[in-house]
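**Q**
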Amino acid sequence: MSIVDPLFENSPTTFVNPTGQKFLTIRAIIYDSWITWKDALPDDIAQHALLSEDIYNNIIELAGRVHKLHQSLPNYKATTESPYEFVLWWDPSDTDENWNSGKTCRFMIEDFTAQDLLHYNSTKRNSRLSLKALTNKLVEASAISQVPKSG
2 MSIVDPLFEN SPTTFVNPTG QKFLTIRAII YDSWITWKDA LPDDIAQHAL
52 LSEDIYNNII ELAGRVHKLH QSLPNYKATT ESPYEFVLWW DPSDTDENWN
102 SGKTCRFMIE DFTAQDLLHY NSTKRNSRLS LKALTNKLVE ASAISQVPKS
152 G
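So for the sequence shown, the numbering used here puts the first residue at 2; every next one is plus one.
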């Protein structure tokens, strides 16, 4: 059976990672996660060629931390479809390093407010994810290299 039809209305796009491996953009970035490469890569397929090893690793690191946040939410195990809506992640055309390096993303998780996400993130031990509420539902996330020490 071909991956083209009848499974998909349109063939899924592919991209080549910095080591030369070809992946479908519908592939999960992190094993057993709902976060896919389609969420992180720009819509302009021509820009996929700009994916460097550093950017690739930044995206994987941030996706892993967002996935860990999702795992800490109530009813995580009952999730049967992606609860995420990513509105911005890697943008190679942006001059801001946070956006052109894949180190920051903006997203929403279904059934949770931004304040809910901030709360659950703050209760996680050793959370290495920085969250900032942008709207009632939308948060901006970035990876923290070290957990701040309390006290």
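We put the beta carbon where it would ideally sit given N, CA and C, even for glycine.
For Val88, which residues from the same chain have a beta carbon less than 8 Å from its beta carbon, with the 5 sequence-adjacent residues on both sides left out?
**A** Excluding sequence neighbours, Val88 sits near Arg107, Phe108, Met109, Leu139.
**Q** Could you tell me the distance, in whole angstroms, from the CA atom of Tyr57 to the CA atom of Phe16?
**A** When rounded, the distance between both Cα atoms is 12 Å.
**Q** Classify Arg66: buried if its beta carbon has 16 or more other beta carbons within 10 angstroms, exposed otherwise.
**A** Burial call: buried.
**Q** Per DSSP, what are the beta-bridge partners of Val17 in this structure?
**A** Partner(s): Lys23.
**Q** How many whole angstroms separate the CB atoms of Gly103 and Ile60, which I take to be in contact at a CB cut-off of 8 Å?
**A** With a Cβ gap of about 4 Å, Gly103 and Ile60 count as contacting.
**Q** Assuming the contact rule is C-beta atoms closer than 8 Å, Ala29 and Trp91 should be a hit. Round their C-beta distance to whole Å, please.
**A** About 16 Å separates the two Cβ atoms, so there is no contact after all.
**Q** By alpha-carbon positions, which one of Gln72, Asn137, Ala115 ends up nearest to Lys125?
**A** With distances taken between Cα atoms, Lys125 lies closest to Gln72.
**Q** Verify whether the separation of the beta carbon atoms of Ala115 and Ser131 is less than 8 Å.
**A** No, the Cβ-Cβ distance between Ala115 and Ser131 is not below 8 Å.
**Q** Start and end of the beta strand (DSSP E) containing Ala134?
**A** Looking at the DSSP string, the run of the beta strand (DSSP E) that includes Ala134 is 130-134.
**Q** Near Leu51, which residues of its chain fall below 6 Å by C-beta distance, leaving aside the five closest residues on each side in sequence?
**A** So the qualifying residues of the chain are Pro93.
**Q** Does Leu139 get closer than 8 Å to chain C when you measure Cβ to Cβ?
**A** Note that chain C does not occur in the displayed structure, where there is just one protein chain.
**Q** Where does Ala36 land, buried or exposed, given buried means 16+ other C-beta within 10 angstroms?
**A** Note on identity: in this sequence residue 36 is Ile, with Ala being the wrong assignment. Ile36 comes out buried.
**Q** Tell me which same chain residues have a C-beta within less than 6 Å of the C-beta of Ala64, skipping the five on either side of it?
**A** Answer for Ala64: Ile30, Ile31, Ile36, listed in chain order.
**Q** Of the choices Ser123, Glu111, Ser128, whose alpha-carbon is the least far from that of Asn137?
**A** Of Ser123, Glu111, Ser128, the residue nearest in Cα terms is Glu111.
**Q** Going by alpha carbons, who is nearest to Lys69 out of Asp95, Asn101, Leu118, Thr14?
**A** When each option's Cα is compared against that of Lys69, the closest is Leu118.
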